[in-house]
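With full-length UniProt numbering, the residue at position 5 of the sequence shown is 5, and numbering never jumps. Where is the CB? At the ideal position from N, CA and C, for every residue including glycine. Treat the numbers as computed from the prediction; the structure is a model and nothing was measured.
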Amino acid sequence: MLVNGGPHRRAWGVRVIDSLRGVSLLAQGKFEITNMDMRLGTTLRIKGKIASDADSFVINLGQGTDKLNLHFNPRFRESTIICNSRDGNSWGKEQRENHICFSAGSEVKFIVTFENDDSK
Numbered sequence: 001m002l003v004n005g006g007p008h009r010r011a012w013g014v015r016v017i018d019s020l021r022g023v024s025l026l027a028q029g030k031f032e033i034t035n036m037d038m039r040l041g042t043t044l045r046i047k048g049k050i051a052s053d054a055d056s057f058v059i060n061l062g063q064g065t066d067k068l069n070l071h072f073n074p075r076f077r078e079s080t081i082i083c084n085s086r087d088g089n090s091w092g093k094e095q096r097e098n099h100i101c102f103s104a105g106s107e108v109k110f111i112v113t114f115e116n117d118d119s120k
């Protein structure tokens, strides 16, 4: 995944990982998107069905595995959503939400709007 252009133009990558099995969904024939031209005001929509036997899943948005602007990790057994960011080897402050409005086996839609040029 690369960073392209100036302060208002970036190439973003999306990678969804099955954290239970530790395998990229790309390797399972699902998807990974790289080199997206995400400008300020751009909206990304992710829609899919969560596996009925899933314990958790991860959506990472950023410029690479060491530069994550958003690490989104719902954990069904704990009824917790964990959000974080990562810059190099350093994780940001973890945020936990103890309410999940979706469950394993449900169809979901996530909408992310890029509203500022912060890299956090």
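| Check | Outcome |
| --- | --- |
| Looking at C-alpha atoms only, which residue of S90, D66, K67 and F57 is the closest neighbour of R75? | F57 |
| Go to S85, then tell me how far its beta strand (DSSP E) extends in each direction, as first and last residue. | T80 to D87 |
| Determine the direct distance from the alpha carbon of L40 to that of L68, and round the result to whole angstroms. | 17 Å |
| Say the cut is 6 Å; is the CB of D66 nearer than that to a heavy atom of the ligand MG? | Questions concerning the ligand MG fall outside what the structure shown contains, since it holds no ligand whatsoever. |
| Distance check for V108 and I50, CA to CA, integer angstroms please. | 7 Å |
| Taking 7 Å as the threshold (C-beta atoms), are I82 and N73 in contact? | yes |
| So, using beta-carbon positions, are E94 and N84 closer together than 7 Å? | yes |
| Comparing C-alpha positions only, which one of I111, D66 and I46 sits nearest to W91? | D66 |
| Which of the three DSSP states is assigned to K47 in this structure? | strand |
| What does DSSP give as the partner residues of Q95 in its beta bridges? | C83 |
| Here's the rule: buried if 16 or more other CB atoms are within 10 angstroms of the residue's CB, otherwise exposed. What is N116? | exposed |
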